[in-house]
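See below for the structure under consideration.
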Amino acid sequence: MKFTPEKYLIPDEPEKPFIDAEEIEKILKTARPEKSHVRDVIARSLDKNRLSMQETAILINTTDPDLISEIKEGAGRLKKTVYGNRIVLFAPLYIGNKCVNNCRYCGFRVSNKDAVRVTLDKQQIIDEVAALEEQGQKRLILVYGEHPDYNPQYIADTVRTVYSVRKGNGEIRRVNINAAPQSIKGFRVIKESGIGTYQIFQETYHPAVYQQYHPSGKKQDYDYRLCSLDRAQLAGLDDVGIGALFGLYKWQFEVMAMIRHTNHLEACFNVGPHTISFPRLQNALSVNIPEEYRVHDDDFTRMIAILRLAVPYTGMILTAREPAHIRDELFQYGISQIDGGTRIEIGGYTKKGIYQQNLDKEQFLINDNRSLNEIIDELLDKGQLPSFCTACYRLGRTGEHFMEFSVPGFIRNFCTPNAMLTLAEYLEDYAPDNTAVKGWQAIEKELTRLNGQVSKSEIRHRLERIRTGERDIYF
Ligand code: SAM
Ligand code: SF4
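Start counting the sequence shown at 37; every next residue gets the next number (this note's numbering).
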């Protein structure tokens, strides 16, 4: 079906869906995972080609344990060559949980009368952000329910508030959002506030299954949600994130649909999604979703290795929904961003004392309660390089431009040096002594293996400037 972006110039006019469930099921049914095919597909990915739906289906249908190990090894190799060992850190900040929708899996749904509805006011946002800055955070994703109160102007105002907060050397340098789909006009208003990524999950890409989980409210409209990133692109937001909520339908279908979504965005806007997310369904207040499609750990880790191979240039986000041991394993297969020090209780960052989950104010339960510094410690122990880099977005290296840059060498020349500089800031301003010692050792080690265009002496010079108090230096 021909896609006509002009249609989006009429705000709120949904385009015909580009997801064809029957086509996806058919490809999955017919893809044969013969050994030679599987190896060819892995090799094509290692050559940094995005995989087709047919190729992805071959990996998905692979059941031979040895071949699955080869898929995971391939993902690991790709991760090392394309992304290096840096892991970008961020934190979610829930702004408000009022919601007109009735998503059966979500604690915030309108029919859940046990949920305590909270919307942070301006001062509360400032206090939460100050607390996040005191942890050392530099990148946030703001999360909102879907409600007329959270209109584009409101969202834009909250983003501006977040950017305005300065606590000591702290500042938030990149604000992403996860919010309801908007019209093109609405997205323009939001863009003006200077967001980084606009992220939205289709939940399930299967149109009929989607209807079962969204029985009422605006979110019932599958097409309107599916095309929200097209409208975002037409509004000039070229940095977008896709995702599906795993546990609602077959994971194999959702992975294929995300590849289709990626193709669609590349074909129409010359730029694929900046990030892909794969949240797994978590327990939430008064939520009772059948177990049938729950994704078990083995399938989940395999699925992420397949996604790494299928979309070699797209950032992959793993959240604190996942327990530490799964997060640790998945670093090897290509996760490039994680949240750290996460509190999803609204107003949770300013609360003192031991963290206890409070389900009537939280969307769902999380499984990784570690503090940001604990996560940084662990990353360093495991040879990863924690990063708070925000350089690309601030230098306009986004969208199509970013895709151009996102070729081998780019990470070495920009991302790794920027990871070192932002880690150095963290070590100087926030880390306890033992983390600081480990962190500086990691930076030294990274410097010795660096072989990009940026000279080691230039990086050393900039690190020295950070040690003597300068901040926000980047390539
Ligand atoms: N309200 C907006 C929306 O629905 O797009 C944005 C915020 S919503 C709070 C963010 C995401 O949380 C949803 O897209 C959904 O994928 C995820 N989510 C909802 N309930 C969940 C659950 N029980 N477990 C894990 N993730 C969940
Ligand atoms: Fe509302 Fe989003 Fe939760 Fe659905 S997932 S009930 S839209 S907050």
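Glycine included, C-beta positions come from ideal geometry on N, C-alpha and C.
Quiz item: If we count Cβ pairs, one from each stretch, closer than 8 angstroms, do we get three or more for the stretch 134 to 141 versus the stretch 172 to 191?
Solution: yes
Quiz prompt | Contacts around Thr337, its chain only, beta-carbon distance under 8 angstroms, and the 5 residues preceding and following it disregarded | solution = As a first step, residue 337 must be located in the sequence shown, where it is residue number 301. So the list reads Lys108, Ile362, Glu365, Leu366, Tyr369, once near-sequence residues are dropped.
Quiz item: Hey, which unbroken runs of the alpha helix (DSSP H) at 4 residues or more fall wholly within the stretch 448 to 478?
Solution: 452 to 465
Quiz item: Residues in its own chain within less than 8 angstroms of Arg503 by CB, not counting five upstream and five downstream?
Solution: Against the sequence shown, residue 503 aligns to sequence position 467. Only Ala460, Glu464 meet the Cβ criterion.
Quiz item: Below 8 angstroms between beta carbons: does that hold for Leu486 and Arg448?
Solution: Start at 1 with the first residue of the sequence shown, and residue 486 comes out as number 450. Start at 1 with the first residue of the sequence shown, and residue 448 comes out as number 412. Yes. Within cutoff.
Quiz prompt | Segments assigned alpha helix (DSSP H), at least 4 residues, entirely inside the stretch 233 to 266 | solution = 243 to 249, 258 to 262
Quiz item: Would a check of beta-carbon distances place Leu265 closer than 8 angstroms to chain D?
Solution: The structure shown has no chain D; it contains just one protein chain.
Exercise. Measure the CB-CB distance between Ile495 and Phe289 and report whether it falls below 8 angstroms.
Key: As a first step, residue 495 must be located in the sequence shown, where it is residue number 459. As a first step, residue 289 must be located in the sequence shown, where it is residue number 253. Taking 8 angstroms as the Cβ cut-off, Ile495 and Phe289 do not qualify as a contacting pair.
Exercise. Quick one: residues in its chain with C-beta nearer than 6 angstroms to the C-beta of Ala360, no 5 flanking neighbours on either side, listed in chain order?
Key: In the sequence shown, residue 360 corresponds to position 324, counting from 1. Closer than 6 angstroms at Cβ, skipping near neighbours: Asp404.
Quiz item: Near Arg12, which residues of its chain fall below 7 angstroms by C-beta distance, leaving aside the five closest residues on each side in sequence?
Solution: Summary: the structure shown does not reach residue 12, with the chain confined to residues 37 through 511, and so no result is reported for it.
Exercise. Flag this pair as yes or no: are the beta carbons of Arg261 and Phe282 separated by less than 8 angstroms?
Key: Position 225 of the sequence shown holds residue 261. Position 246 of the sequence shown holds residue 282. Contact flag unset, no.
Quiz item: Identify the residues that DSSP records as bridge partners of Gln373: which are they?
Solution: Sequence index remark: in the sequence shown, residue 373 carries index 337 (1-based). In the DSSP assignment, the residues bridged to Gln373 are Val124, Ile353.
Quiz item: When a residue counts only if its C-beta is closer than 6 angstroms to some heavy atom of ligand 2, which residues count, in chain order?
Solution: Cys135, Asn137, Cys139, Cys142, Phe144, Arg145, Gly181, Glu182, Lys255
Quiz item: Among Pro243, Asp274, Thr240, which has the Cα closest to the Cα of Gly230?
Solution: Residue 230 sits at position 194 when you count from the first residue of the sequence shown. Out of Pro243, Asp274, Thr240, Asp274 has the C-alpha closest to the C-alpha of Gly230.
Quiz item: How would you label Gln247, buried or exposed, when you count the other beta carbons within 10 angstroms and need 16 or more for buried?
Solution: To locate residue 247, count along the sequence shown from 1; it is residue 211. Answer is exposed; the Cβ neighbour count stays below 16.
Practice problem: Taking Ala127 and Gln173 to be in contact with their CB atoms under 8 angstroms, please state how far apart those CB atoms are, rounded to whole angstroms. | Solution: Here residue 127 corresponds to residue number 91 of the sequence shown, with the count starting at 1. Here residue 173 corresponds to residue number 137 of the sequence shown, with the count starting at 1. Indeed, because the Cβ distance is near 5 angstroms, the residues count as touching under 8 angstroms.
Exercise. Please confirm whether Ala427 and Phe446 have their CB atoms less than 8 angstroms apart.
Key: Along the sequence shown, one-based indexing puts residue 427 at 391. Along the sequence shown, one-based indexing puts residue 446 at 410. Taking 8 angstroms as the Cβ cut-off, Ala427 and Phe446 do not qualify as a contacting pair.
Practice problem: For the alpha helix (DSSP H) containing Thr66, list its first residue and its last residue. | Solution: Position 30 of the sequence shown, counted from the start, is the residue given in the question as residue 66. It spans 57 to 66 - the alpha helix (DSSP H) in which Thr66 sits, taken as one unbroken run.
Quiz prompt | Option in Asp333, Lys388, Ile353, Glu358 with minimal Cα separation from Gln373 | solution = If you number the sequence shown from 1, residue 373 lands on position 337. Nearest of Asp333, Lys388, Ile353, Glu358 to Gln373, Cα basis: Ile353.
Quiz prompt | Cβ-based burial, Asn324 [other Cβ within 10 Å; buried from 16] | solution = Within the sequence shown, residue 324 is the residue found at index 288, counting from 1. Burial call: exposed.
Exercise. Name, in chain order, the residues that DSSP records as bridge partners for Arg316.
Key: Locating residue 316 in the sequence shown gives position 280, where the first residue counts as 1. Looking at the DSSP assignment, Arg316 forms a beta bridge with Phe282.
Quiz prompt | Residue from Leu265, Tyr234, Arg406 whose Cα sits closest to the Cα of Leu176 | solution = Against the sequence shown, residue 176 aligns to sequence position 140. For the residues Leu265, Tyr234, Arg406, the minimum Cα distance to Leu176 belongs to Tyr234.
Self-check item: Val179 CB to nearest heavy atom of ligand 1 below 7 angstroms
Solution: Locating residue 179 in the sequence shown gives position 143, counting from the first residue. Yes, the Cβ of Val179 comes within 7 angstroms of a heavy atom of ligand 1.
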